[in-house]
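In the order they appear, the protein sequences are chains W and F. Heads up, this note's numbering is the position in the first sequence plus 40, with the first residue counted as 1. Heads up, this note's numbering is the position in the second sequence plus 40, with the first residue counted as 1. A quick write-up on the structure given underneath.
Number of protein chains: 2
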Amino acid sequence: MKAIVLLSGGLDSATVLALAKSQGRECLALSFTYGQRHEVELRAAARVANAQGVAEHVVYPLDLRLFGASALTADIDVPKDAVGAEGIPITYVPARNTIFLAIALGYAEARGATEIWLGVNAVDYSGYPDCRPDFIAAFQQVIITGTRSGSEHGEPRIVAPLIELTKGEIIRRGVELGVDYSLTHSCYDPVDAGHACGHCDSCILRRRGFEEAGVNDPTVYA
Amino acid sequence: MKAIVLLSGGLDSATVLALAKSQGRECLALSFTYGQRHEVELRAAARVANAQGVAEHVVYPLDLRLFGASALTADIDVPKDAVGAEGIPITYVPARNTIFLAIALGYAEARGATEIWLGVNAVDYSGYPDCRPDFIAAFQQVIITGTRSGSEHGEPRIVAPLIELTKGEIIRRGVELGVDYSLTHSCYDPVDAGHACGHCDSCILRRRGFEEAGVNDPTVYA
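Printed below as a string of structure tokens:
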């Protein structure tokens, strides 16, 4: 069975890929260039795809900078030590997961893939609306009503296996499956290719996850 | 009030733009390059945007050829004289309107636009699942659950003013609003910049629409 796996190069999507493979899926990995501040993330995605083995890895160019308005795509500073602040953070990228899922959906239909796996998480997520179960359910309905494969077969099905797990549970599951987390990258604002900032939301959630899991954190912080 | 208007350069979207302007919207037009067989469509979109006046016109590059699998994006012949055939036609592009709406959504959020207007039509549509009211309703739910503006204000709202109109009714409405249909382009397989094929689904529906409306068809057919 063919599955599209959204692969950012982070800890979560590396775990999702391992889960999909452990369930016998033929995995087609999909990453996006979207005006990331650093190409570090895409290099991590390529490392993870290579290490785990995928049928193909498509890097899709998407110019979200056109739309500005996020610390991850525009010239706005990434907040530090701000996990737990109220509301939706400035690192929110307008409609990001909607756009990613829409492209993944076109890719799935063209390749005959019956599943789209992605690593959204609603527990340790830092306030993004497009990481919640009701968003995933709504997008599934878009697939069923708006596509050939959806209207004819109810597919592709969205699989979000991490959505109710804590970061620590995700890491423990990945370690069981042999995921090499030293290949992954989470930092929103890396100092250089080898050093994570250690203070953005993503670094803080990652650090806490390794602590919670009781697993050594391979990340090199600045 | 700012509105994003999806502008393909065809008859329907030109009418939608005129409707949005007639209701006092400040219109931001959005077109896509998506491996169209011909650039004719984009030139028509630019003409329509100019003639009607928009606050800006963004042409967003989107490489749907990566996904193949449609007569509009891959090297497959466009069917002729096939309107009314059973099922979803080969000109169906996987997830096209889902992808267009997803990008429009990011654009709307970044610009603070509270509406997204598009010219989908479920009467004379030629079998595309992503032109039906239940698809539009499902995508509205994606906006409400998955975006900052949707979860906070229930916006942007999708406006599909043509969805229940016949092609003839659309044309009559457009003529009342002063739309110059000679600027628009509908053909899936134009012979050259000035000549529509006259036999693809899109040409046939357009011809019938002008006949139904009792309006002179300005299109030059080969």
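Each residue gets a CB set at the ideal place from its N, CA and C atoms; glycine is no exception.
{"Check": "Sort F:CYS227, F:THR206 and F:VAL255 by Cα distance to F:VAL219 and report the nearest one.", "Outcome": "F:VAL255"}
{"Check": "Report the option in F:GLY159, F:LYS61 and F:LEU102 whose CA atom is closest to the CA atom of F:ALA95.", "Outcome": "F:LYS61"}
{"Check": "With burial defined as no fewer than 16 other Cβ atoms inside 10 Å of the residue's Cβ, what is the status of F:ARG71: buried or exposed?", "Outcome": "It should be noted that the sequence gives Ser, not Arg, for residue 71 of chain F. By the 10 Å Cβ count, F:SER71 comes out buried."}
{"Check": "Just reading off the alpha helix (DSSP H) that W:ALA11 is part of, what are its end residues?", "Outcome": "Look at the range of chain W in this structure, 41 to 262, and you will see that residue 11 of chain W is not part of it."}
{"Check": "Looking at the ligand SAM, does it come within less than 8 Å of F:ARG172, judged from the CB to the closest heavy atom?", "Outcome": "Within the structure as shown, the ligand SAM is missing, as the structure has no ligands at all."}
{"Check": "Which of helix, strand or coil does DSSP assign to W:THR138?", "Outcome": "helix"}
{"Check": "Can you list the residues of chain W that F:THR82 reaches, using a CB-CB cut of under 9 Å?", "Outcome": "The amino acid at residue 82 of chain F is misidentified as Thr; the sequence shows Leu. Residues of chain W passing the Cβ test: none, with the nearest at roughly 16 Å."}
{"Check": "On the DSSP letters alone, give me the boundaries of the alpha helix (DSSP H) that W:ILE184 sits inside.", "Outcome": "173-186"}
{"Check": "Does any CB atom of chain B fall closer than 9 Å to the CB of F:GLU149?", "Outcome": "You won't find chain B in this structure, because its protein chains are W and F."}
{"Check": "Are the CB atoms of W:LYS207 and W:GLY249 within a distance shorter than 9 Å?", "Outcome": "yes"}
{"Check": "Counting only the same chain and skipping the five closest in sequence on each side, list residues whose C-beta sits under 8 Å from that of F:ALA91.", "Outcome": "ASP220 and LEU223"}
{"Check": "Give me the Cα-Cα distance between W:LEU57 and W:PRO201, rounded to the nearest whole angstrom.", "Outcome": "10 Å"}
{"Check": "Taking 8 Å as the threshold, find out whether the stretch 168-175 of chain F comes into contact with the stretch 162-178 of chain W through three or more Cβ pairs.", "Outcome": "no"}
{"Check": "W:GLY64: which of W:ILE143, W:ASN137 and W:ILE44 sits nearest, CA to CA?", "Outcome": "W:ILE44"}
{"Check": "Tell whether a beta-carbon distance below 9 Å holds between W:ARG151 and W:LEU68.", "Outcome": "yes"}
{"Check": "Determine, using beta carbons only, whether W:GLY186 and F:ARG172 come nearer to each other than 9 Å.", "Outcome": "yes"}
{"Check": "Quick check on this structure: which residue in F:LEU51, F:VAL182 and F:LEU217 has the alpha carbon closest to the alpha carbon of F:ASP257?", "Outcome": "F:LEU51"}
{"Check": "Output, in sequence order along the chain, the residues in the stretch 175-186 of chain F whose CB is closer than 7 Å to any CB in chain W.", "Outcome": "PHE175, ALA178, PHE179, GLN181, VAL182, THR185 and GLY186"}
{"Check": "What residues from chain F crowd round W:ILE139, counting only those whose CB sits closer than 9 Å?", "Outcome": "ILE139, ALA142, ILE143, LEU145 and GLY146"}
{"Check": "Between W:PRO258 and chain F, is the shortest Cβ-Cβ distance under 9 Å, so that the two count as touching?", "Outcome": "no"}
{"Check": "What does the alpha-carbon distance come out to for the pair W:ARG83 and F:ARG188?", "Outcome": "29 Å"}
{"Check": "What in chain W is Cβ-close to F:ALA89, meaning under 8 Å?", "Outcome": "By Cβ distance, chain W contributes nothing, its closest Cβ being about 17 Å from F:ALA89, past 8 Å."}
{"Check": "CB F:ALA253 to CB F:VAL215, shorter than 9 Å?", "Outcome": "yes"}
{"Check": "Please report how far the alpha carbon of F:GLU149 lies from the alpha carbon of F:GLY190, in whole angstroms.", "Outcome": "9 Å"}
{"Check": "I want to verify the contact list: residues of chain W whose CB lies under 9 Å from the CB of F:PRO196, in sequence order.", "Outcome": "Within 9 Å Cβ-Cβ: nothing; F:PRO196 doesn't reach chain W, min ~10 Å."}
{"Check": "Hey, would you say F:TYR263 sits closer than 9 Å to F:ILE156, going by beta carbons?", "Outcome": "The first residue shown for chain F is 41 and the last is 262, placing residue 263 of chain F beyond what the model contains."}
{"Check": "Whose CA, out of W:ALA262, W:ARG212, W:PRO196 and W:GLY93, lies closest to the CA of W:CYS227?", "Outcome": "W:ALA262"}
{"Check": "Thinking C-beta only, is W:THR259 closer than 9 Å to W:CYS243?", "Outcome": "yes"}
{"Check": "Give every residue of the same chain whose Cβ lies closer than 6 Å to the Cβ of W:GLU66, excluding the five residues on either side of it in the sequence, and list them in chain order.", "Outcome": "LYS42 and ALA95"}
{"Check": "For F:HIS235, I'd like the list of residues in its chain whose CB is within less than 7 Å of its CB, leaving aside the five on either flank, ordered along the chain.", "Outcome": "VAL260, TYR261 and ALA262"}
{"Check": "According to DSSP, simplified to helix, strand and coil, what is F:ASP241?", "Outcome": "helix"}
{"Check": "Is the shortest distance between the beta-carbon of W:TYR228 and the beta-carbons of chain F less than 9 Å?", "Outcome": "no"}
{"Check": "Quick check on DSSP: helix, strand or coil for F:ASP232?", "Outcome": "strand"}
{"Check": "Do W:TYR74 and W:ASP103 have their beta-carbon atoms positioned less than 9 Å apart in this structure?", "Outcome": "yes"}
{"Check": "Can you tell me whether DSSP reads F:LEU223 as helix, strand or coil?", "Outcome": "helix"}
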